[in-house]
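Mapping the sequence shown onto this note's numbering, position 164 (from 1) lands on 158, and the numbers just tick up by one.
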Amino acid sequence: MGKDKLMICLLFSGQGAQKTGLTYDLYQTEPHYRKIIAKASDILQLDLAELLFDAEKANELAQTRYSQPAILTMSYGLYQILSENADFEKLGIGLSLGEYSGLACANYLEFESALRLIKKRGELMQQASSQNPGVMVAVMKSSLANVELAIKDAQKKGLIGIANVNTPNQIVVGGEKNAVQNLREQLEKDGARVFPLKVSGAFHTPLMKSIQGALKTELQKVDWHSGTFPIYSTTTQKEFAPGNLVSTLTEQLVSTTYFAKTLAQYSQDITTVVELGPGKTLLSFARKILKGVPTYQTDSVANMQETISALKEFNS
-5 MGKDKLMICL LFSGQGAQKT GLTYDLYQTE PHYRKIIAKA SDILQLDLAE
45 LLFDAEKANE LAQTRYSQPA ILTMSYGLYQ ILSENADFEK LGIGLSLGEY
95 SGLACANYLE FESALRLIKK RGELMQQASS QNPGVMVAVM KSSLANVELA
145 IKDAQKKGLI GIANVNTPNQ IVVGGEKNAV QNLREQLEKD GARVFPLKVS
195 GAFHTPLMKS IQGALKTELQ KVDWHSGTFP IYSTTTQKEF APGNLVSTLT
245 EQLVSTTYFA KTLAQYSQDI TTVVELGPGK TLLSFARKIL KGVPTYQTDS
295 VANMQETISA LKEFNS
């Protein structure tokens, strides 16, 4: 790309990326990572290592109130390993929950505060999902314009909205079951592929409105700081700052997240992309938006070593 200065875009995984057993080898070999998981376990009053690594706990790990703090802890721990072993300029973009992970890594708030906040957020979202049941689907091989058109018709059947625009061709929609089913039928007739998502509610849609006030109250309790590196909101495409954190994160709960648009907006600065969290979901999105930019995972010893080596080599 003709850039002689390393600028890492750190991507912070969202809910749904969790998978039992990921990062277990890092947990065994990295004392700092073990300490972070132990600290989180104390704060949350649950055995996070068991939740992350025991196959019998897979159903619990999938629950919103557990998966959100688990992924935040994992992302935060992976960032600590990476930053201890490689020095680099960086910016961050997170998907939904991942924005909280990024804000913690960039010291906009303390790790302990982030954990308590995300635990409460997860509980509130689960509560909203019980009060206002909803489903989510991923739409492939369609366009934003087609999805928006289908939503207009589907709204006759119930509440529905676009939750995430992850790439130009991967759009997530959430809402009440009948409305989403109507949308699915419309889009599949036009050749789109529509897949149900394993989530417990319709996040980033009007179905979360009932808890917006409660989340705002929790956000206002936090001692926010200026960050040590920029984290960009996928709701507004603007950099988070102490003056906009509460309003942006409150709005994020019921609003569309634009991952593709946000990443593209800052693409001119980015030389390398690293995902901090389980798997490579966000990297797969990034590859469609940033053609030819190297991408790296961090969720195992081998992946972490490869990433650290690549960053050191660029800096040498």
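Cβ atoms here follow ideal geometry from the backbone N, Cα and C, with glycine treated the same way.
Per-residue burial, residue i [other beta carbons within 10 Å of its own, 16 or more giving buried]
i: PHE279; result: buried
i: ARG187; result: exposed
i: THR228; result: buried
i: VAL167; result: buried
i: PRO272; result: buried
i: SER303; result: exposed
i: PRO63; result: buried
i: ALA52; result: exposed
i: LYS192; result: exposed
i: GLY(-4); result: Caution is warranted here: a pLDDT of 45 is assigned to GLY(-4), below 50, making its placement in the model unreliable, and no coordinate value can be reported.
Euclidean distance between Cα positions of residue i and residue j
i: GLU182; j: THR256; result: 28 Å
i: SER136; j: GLY155; result: 16 Å
i: ARG115; j: PHE197; result: 12 Å
i: LEU109; j: ILE37; result: 8 Å
i: THR222; j: ILE145; result: 40 Å
i: ASN312; j: LYS285; result: Because the chain here runs from -5 to 310, residue 312 falls outside it and cannot be looked at.
i: ILE283; j: LEU118; result: 33 Å
i: ALA11; j: TYR290; result: 16 Å
Same chain, Cβ closer than 6 Å to residue i, neighbours up to 5 away in sequence not counted
i: VAL159; result: ILE165, TYR252, ALA254
i: MET202; result: ALA122, LEU247, VAL248
i: GLY8; result: LEU89, SER90, LEU91, GLY92
i: LEU305; result: ALA80, PHE82
i: TYR339; result: An answer regarding residue 339 cannot be provided, because it is not within the stretch -5 to 310 covered by the chain.
i: LYS396; result: The requested residue 396 does not occur in the structure, where the chain is confined to residues -5 to 310.
i: ALA258; result: ILE283
Which listed residue (the options) has its alpha carbon closest to that of residue i
i: LYS113; options: ASP263, LEU209, LYS51, GLU233; result: LEU209
i: THR58; options: LEU91, ILE31, ILE30, THR266; result: LEU91
i: GLU170; options: GLY185, PHE189, GLN149; result: GLN149
i: LEU319; options: ILE264, ASN297, LYS274; result: Outside the shown range of the chain, which is -5 to 310, sits residue 319, and nothing can be said about it.
i: SER107; options: TYR290, THR67, HIS26, MET298; result: THR67
i: GLU233; options: SER204, VAL268, ALA100, GLU142; result: ALA100
8 Å CB neighbourhood of residue i in its chain, flanking five on each side removed
i: THR23; result: VAL295
i: PHE47; result: THR14, GLY15, TYR18, TYR21
i: LEU103; result: LEU97, LEU111, VAL216, ASP217, TRP218, HIS219
i: TYR311; result: The structure shown has nothing for residue 311, since the chain only spans -5 to 310.
i: LEU35; result: Just to set this straight, residue 35 is Ser in the shown sequence, not Leu. Counting only Cβ-Cβ distances below 8 Å, and skipping sequence neighbours, we find ASP41, LEU42, ALA43.
i: GLY128; result: LEU153, GLY168, GLY169, GLU170, LYS171, VAL174, GLY195, ALA196, THR199, LEU201
Close beta carbons around residue i, own chain, < 7 Å, minus the five adjacent residues each side
i: GLN214; result: VAL240
i: GLU245; result: THR229
Bridge partners - residue i, DSSP secondary structure assignment
i: GLN291; result: None, per the DSSP bridge assignment.
i: VAL268; result: LEU4, TYR290
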